[in-house]
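Below is one structure, written out as structure tokens; comments come after it.
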Amino acid sequence: KNQVEQSPQSLIILEGKNCTLQCNYTVSPFSNLRWYKQDTGRGPVSLTIMTFSENTKSNGRYTATLDADTKQSSLHITASQLSDSASYICVVTLKAAGNKLTFGGGTRVLVKP
Amino acid sequence: DVKVTQSSRYLVKRTGEKVFLECVQDMDHENMFWYRQDPGLGLRLIYFSYDVKMKEKGDIPEGYSVSREKKERFSLILESASTNQTSMYLCASRLGQKNQPQHFGDGTRLSIL
Chain A
508 KNQVEQSPQS
518 LIILEGKNCT
528 LQCNYTVSPF
538 SNLRWYKQDT
548 GRGPVSLTIM
558 TFSENTKSNG
568 RYTATLDADT
578 KQSSLHITAS
588 QLSDSASYIC
598 VVTLKAAGNK
608 LTFGGGTRVL
618 VKP
Chain B
74 DVKVTQSSRY
84 LVKRTGEKVF
94 LECVQDMDHE
104 NMFWYRQDPG
114 LGLRLIYFSY
124 DVKMKEKGDI
134 PEGYSVSREK
144 KERFSLILES
154 ASTNQTSMYL
164 CASRLGQKNQ
174 PQHFGDGTRL
184 SIL
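Those protein sequence lines, which keep their order, are chains A and B. Each step along the first sequence adds one to the number in our numbering, with nothing skipped, and position 108 is 615. Each step along the second sequence adds one to the number in our numbering, with nothing skipped, and position 35 is 108.
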């Protein structure tokens, strides 16, 4: 069973609307939690990183939140654009085990005009 | 900007062939990684290297080997390709510090017939 679960698996939104992606994790203790964006046919690119003590981090129209008590993170996309169509991957870095990364399965977002 | 270059975007090989996937990074990063990405499974770590001539097994090393003779180059080798190794392969590099992001190449889509 994957220790980082993302939901939904996919979603379709209209251009200009907001959306929120969820990430629940069971790995502990963790060093940091990162959200990556992966465009079709490209490698993932880091969007945000949060350590255990941080609960929000923004990168332009992307805002990530972290609740370490409930072990949940979310990525909020504001005023979506066609270029936001991509897969979004939640990644948790373990504090032990050589800083191993545990990847979620991703959420595929399609923004329609 | 960090550039991670994978030698082939698409590759088709036959069962039993020895296959080489090459990855080069231009930012003098100490750490390099090989992943495979399959639908619904997320990224899974095959092998990684902390320095030249060093290699460590990841979560799914069976059927693969690696070579790191120079700092900038990390090669993944499929000793005897099998159909279950058909996948997207992603290479990544990272500075030595644990909170630094991994920088990914654009992937090699490998089909084994």
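From the three backbone atoms N, C-alpha and C, an ideal C-beta is built for every residue, glycine too.
Own chain partners of residue i with C-beta closer than 6 Å, once the 5 adjacent residues on each side are dropped
| i | result |
| --- | --- |
| LEU528 of chain A | LEU582, TYR595 and THR614 |
| GLN175 of chain B | ALA165 and ARG167 |
| PHE559 of chain A | ALA575 |
| THR585 of chain A | ASN525 and ARG568 |
| LYS144 of chain B | VAL125 |
| THR570 of chain A | HIS583 |
| TYR83 of chain B | ARG182 |
Residue i and residue j closer than 8 Å at C-beta
| i | j | result |
| --- | --- | --- |
| GLN187 of chain B | LYS76 of chain B | Residue 187 of chain B is absent from the structure shown; chain B starts at 74 and stops at 186. |
| ARG541 of chain A | VAL598 of chain A | yes |
| GLY178 of chain B | CYS96 of chain B | yes |
| GLY612 of chain A | GLY113 of chain B | yes |
| ASN566 of chain A | LEU554 of chain A | yes |
| VAL92 of chain B | LEU186 of chain B | no |
| LEU151 of chain B | TRP107 of chain B | no |
| ASN562 of chain A | THR572 of chain A | yes |
| LYS602 of chain A | PHE537 of chain A | yes |
| MET105 of chain B | SER122 of chain B | yes |
Cβ shell of residue i (< 8 Å), same chain only, five flanking positions each side left out
| i | result |
| --- | --- |
| MET161 of chain B | ARG109, GLN110, ASP111, GLY180, THR181, ARG182 and LEU183 |
Per-residue burial, residue i [other beta carbons within 10 Å of its own, 16 or more giving buried]
| i | result |
| --- | --- |
| PHE147 of chain B | buried |
| LYS462 of chain A | The displayed coordinates of chain A run from 508 to 620. Any statement about residue 462 of chain A would go beyond what the structure contains. |
| ILE519 of chain A | exposed |
| GLN513 of chain A | buried |
| MET557 of chain A | buried |
| ASP100 of chain B | The question names Asp, but residue 100 of chain B in the sequence shown is Met. Burial call: exposed. |
| ARG141 of chain B | buried |
| GLY187 of chain B | Absent from the model: residue 187 of chain B. The displayed extent of chain B is 74 to 186, so no value can be given. |
| SER153 of chain B | exposed |
| SER517 of chain A | exposed |
| VAL552 of chain A | exposed |
| SER155 of chain B | exposed |
| THR577 of chain A | exposed |
| GLN79 of chain B | buried |
Below-8 Å beta-carbon distance, residue i vs any chain D residue
| i | result |
| --- | --- |
| GLY180 of chain B | Judged by its chain identifiers, the structure shown contains no chain D, and its protein chains are A and B. |
Simplified DSSP state of residue i, which is helix, strand or coil
| i | result |
| --- | --- |
| LEU589 of chain A | helix |
| GLN579 of chain A | strand |
| GLN158 of chain B | helix |
| ILE133 of chain B | coil |
| GLY115 of chain B | strand |
| MET100 of chain B | coil |
| LEU186 of chain B | coil |
| GLU561 of chain A | coil |
| THR547 of chain A | coil |
7 Å CB neighbourhood of residue i in its chain, flanking five on each side removed
| i | result |
| --- | --- |
| LEU589 of chain A | GLU522, VAL618 and PRO620 |
| ASP124 of chain B | GLU103 |
| GLN510 of chain A | TYR532, THR533, VAL534 and THR609 |
| ASP591 of chain A | ILE584, VAL616 and VAL618 |
| LEU163 of chain B | TYR108, GLN110, LEU116, PHE177, GLY178 and GLY180 |
| TYR137 of chain B | ILE119, TYR120, LEU149, ILE150 and LEU151 |
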